[in-house]
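Its first residue numbered 19, the sequence shown is counted upward by one per residue in the numbering used here. Think of the CB as a built atom: it goes at the ideal place given N, C-alpha and C, for glycine as much as any other residue. Remember, it's a predicted structure, so these values are computed and weren't measured experimentally. Inspection log for the structure reproduced underneath, given as structure tokens.
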Amino acid sequence: MRSNLFDASNREKQTTDRWTLQSPKLLRCALTPQSPEIIASAGAMVAYQGQMDFSYQGSGGGMKLLKKMATGEGANMMRTRGNGEVFYARRAHDIFLLQLEGDALTLNTSNMLAFDASIQWDIRSLGGAGIMAGGLFNLLLQGHGMVAVTSDGPPMLLDCSQQPTYVDPQAAVCWSANLQPQLKNDFKFGSLIGRGSGESFQLAFHGPGFVVVQPSEGLPTGQAG
């Protein structure tokens, strides 16, 4: 049988690295019984080889559980342990790896693909909106380990230290954890402009740090599962 489908570029990459981009849109993670587990977005696993065990990532109780009940964000995560290779992807989005070295990162839960279980995580509210008020929530990661994030198209990195930066909440991929974004409403008639798109308000960033923006507002509400 002959086909360019069988080109060497399409074969699994043989490497001893724990985290490897099989392609710009497919992540390969190697696991051993001694290595840390991987926490990934539920449904992100597309294939695996060897012996793997998948389990639901609980909230840990307390405020995490309350936040999950109020928003649903961050609730759909799974733990993976085993011996072999597991492959993750999300709707053919671009994948980027970030190595945390004792620092922290805030990211949109819809852009979280996977991270080392050694990394501490929490769900944080944005814009001063409370849990019961239906505020915006994102994922805070801090510690040591690898993080894989996705971008729906080529991302743009913006420096927030020189001037105020405003980003559609659905287009914000991740940002410096030291930044505390606030909600900003540019429209007096939000019900007429930007209905359902998130354009009626933005996340306002200003300070030393960065925000990564994707060229997409993601799937409409109710279709992002």
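In the structure shown, what three-state DSSP assignment does Thr127 receive? Against the sequence shown, residue 127 aligns to sequence position 109. Three-state DSSP puts Thr127 in a helix.
Would the beta-carbon of Arg29 be found less than 7 Å away from any heavy atom of the ligand GTP? Among the components modelled here there is no ligand, and therefore nothing to report on the ligand GTP.
First and last residue of the beta strand (DSSP E) that includes Leu154? In the sequence shown, the residue the question calls residue 154 occupies position 136. Taken as a continuous stretch (DSSP letters only), the beta strand (DSSP E) holding Leu154 covers Leu154 to Ser169.
Let me confirm a value: Gln40 is counted as buried when at least 16 other C-beta atoms fall within 10 Å, else exposed. Which label applies? Counted from its first residue, the sequence shown places residue 40 at position 22. Classification for Gln40: buried.
Count Cβ pairs between the region 174-185 and the region 123-137 that sit closer than 8 Å; are there 3 or more? A contact is defined here as three or more CB-CB pairs under 8 Å, and the region 174-185 fails this definition with respect to the region 123-137.
Going by other Cβ atoms of all chains shown within 10 Å of its Cβ, with 16 needed for buried, is Gly225 buried or exposed? The sequence position of residue 225 within the sequence shown is 207, counting from 1. Exposed.
So for Ser73, helix, strand or coil by DSSP? Locating residue 73 in the sequence shown gives position 55, where the first residue counts as 1. DSSP places Ser73 in strand when its eight states are reduced to three.
In chain order, what are the residue ranges of uninterrupted beta strand (DSSP E) at least 3 long that sit wholly in the region 180-205? 183-185, 190-194 and 200-202
Do you know whose CA, among Met164, Leu44 and Ser194, lies nearest Asn126's CA? Working through the sequence shown from its first residue, we reach residue 126 at position 108. Selected option, being the one with the closest Cα: Ser194.
I'd like to check one pair, Ser234 with Ala189: are the Cβ atoms closer than 8 Å? As a first step, residue 189 must be located in the sequence shown, where it is residue number 171. As a first step, residue 234 must be located in the sequence shown, where it is residue number 216. Yes, Cβ-Cβ distance for Ala189 and Ser234 is below 8 Å.
Count the other CB atoms, across all protein chains shown, that sit within 10 Å of the CB of Asp170; report buried if there are 16 or more and exposed otherwise. The sequence position of residue 170 within the sequence shown is 152, counting from 1. Looking at its Cβ environment, which holds 16 or more other Cβ atoms inside 10 Å, Asp170 is buried.
Just the Cα atoms here: how many angstroms apart are Glu102 and Glu119? Stepping through the sequence shown from its first residue, residue 102 is reached at position 84. Stepping through the sequence shown from its first residue, residue 119 is reached at position 101. Looking at the sequence shown, residue 102 is not Glu but Gly. Gly102 and Glu119: Cα-Cα distance of roughly 26 Å.
Beta-carbon gap between Gly68 and Gly100 smaller than 8 Å: Along the sequence shown, one-based indexing puts residue 68 at 50. Along the sequence shown, one-based indexing puts residue 100 at 82. Yes. Within cutoff.
Identify whether Ser94 lies in helix, strand or coil by the three-state DSSP scheme. As a position in the sequence shown, residue 94 is number 76, starting the count at 1. According to the sequence displayed, residue 94 carries Asn and not Ser. Residue state, collapsed to three classes: coil.
How is Phe219 classed by DSSP in three states: helix, strand or coil? Position 201 of the sequence shown, counting from 1, holds the residue named residue 219. The answer is coil: DSSP assigns Phe219 none of H, G, I, E or B.
Taking only three categories from DSSP, how would you classify Ser21? Residue mapping note: residue 21 aligns to position 3 of the sequence shown, counting from 1. DSSP, reduced to helix, strand and coil, places Ser21 outside both helices and strands of the structure shown, so it counts as coil.
Between which two residues does the beta strand (DSSP E) harbouring Ile56 extend? Position 38 of the sequence shown, counted from the first residue, corresponds to residue 56. Per DSSP, Ile56 belongs to the beta strand (DSSP E) from Ile56 to Ser59.
Using a Cβ-Cβ cutoff of less than 7 Å, which residues in the same chain neighbour Lys82 once the five nearest sequence positions on both sides are dropped? On the sequence shown, residue 82 is found 64 positions in, with the first residue counted as 1. Per-residue confidence for Lys82 stands at a pLDDT of 49, beneath the threshold of 50, marking its modelled position as unreliable; the derived number appears in the next sentence. The answer, listed in chain order, is Asp140 and Ile141.
Helix, strand or coil at Ala26 according to DSSP, with G and I counted as helix: Within the sequence shown, residue 26 is the residue found at index 8, counting from 1. The answer is helix: DSSP assigns Ala26 an H, G or I state.
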